[in-house]
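Residue numbers (this note's numbering): -13 to 158.
As structure tokens, then:
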């Protein structure tokens, strides 16, 4: 899986290029599997059929399902759109402290050659996780109002983080 083969002038096919990029980012087999397969699946139904045909292990299957779930939000996320990033974090359970959204973003970044995506997702995740339900409860909010305030607080935190991230980076 080194550089282009000596007998070929064409670039690598997308899945192979994705695997090469992921191999530079992670040694984890599940990450490499997902990066390799992501460019060849278009819908969740395709994922399940592919996983069944390949008899993929549980960890590989789970990682591919996770990255595919973010498909509708990737374009907006790469452009630092707060609503897309919020939806992406929801899809990846990114508000859970144990969630490793950066690893998932690395897979998507490798699959679609989006090197800035992991930094964007990491900054958005950090900002969104900082929004505290406890602080909003102390302000007298509960129930549906609390839920709406958490979502709006996360959206605003992501918006602010993306403005700061854009100012600090020029890669897109």
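Glycine included, C-beta positions come from ideal geometry on N, C-alpha and C.
Note that the coordinates shown come from a computational prediction; the quantities given were computed from them, not determined experimentally.
- Closest in C-alpha terms to residue 80, from the list 2, 61, 107 and 13, comes 107.
- Considering only 140, 98 and 111, the residue with the shortest C-alpha distance to residue 6 is 98.
- For the options 127, 83, 90 and 63, the alpha carbon positioned closest to that of residue 141 is the one of 63.
- In this structure, DSSP gives residue 84 a state outside helix and strand, which the three-state scheme calls coil.
- Taking the Cα positions, residue 38 is about 10 Å away from residue 32.
- DSSP, reduced to helix, strand and coil, places residue 134 within a helical segment of the structure shown.
- Following the DSSP letters along the chain, one finds residue 62 inside the alpha helix (DSSP H) bounded by residues 60 to 64.
- Proximity to residue 56 across 65, 85, 70 and 115 peaks at 70, based on C-alpha coordinates.
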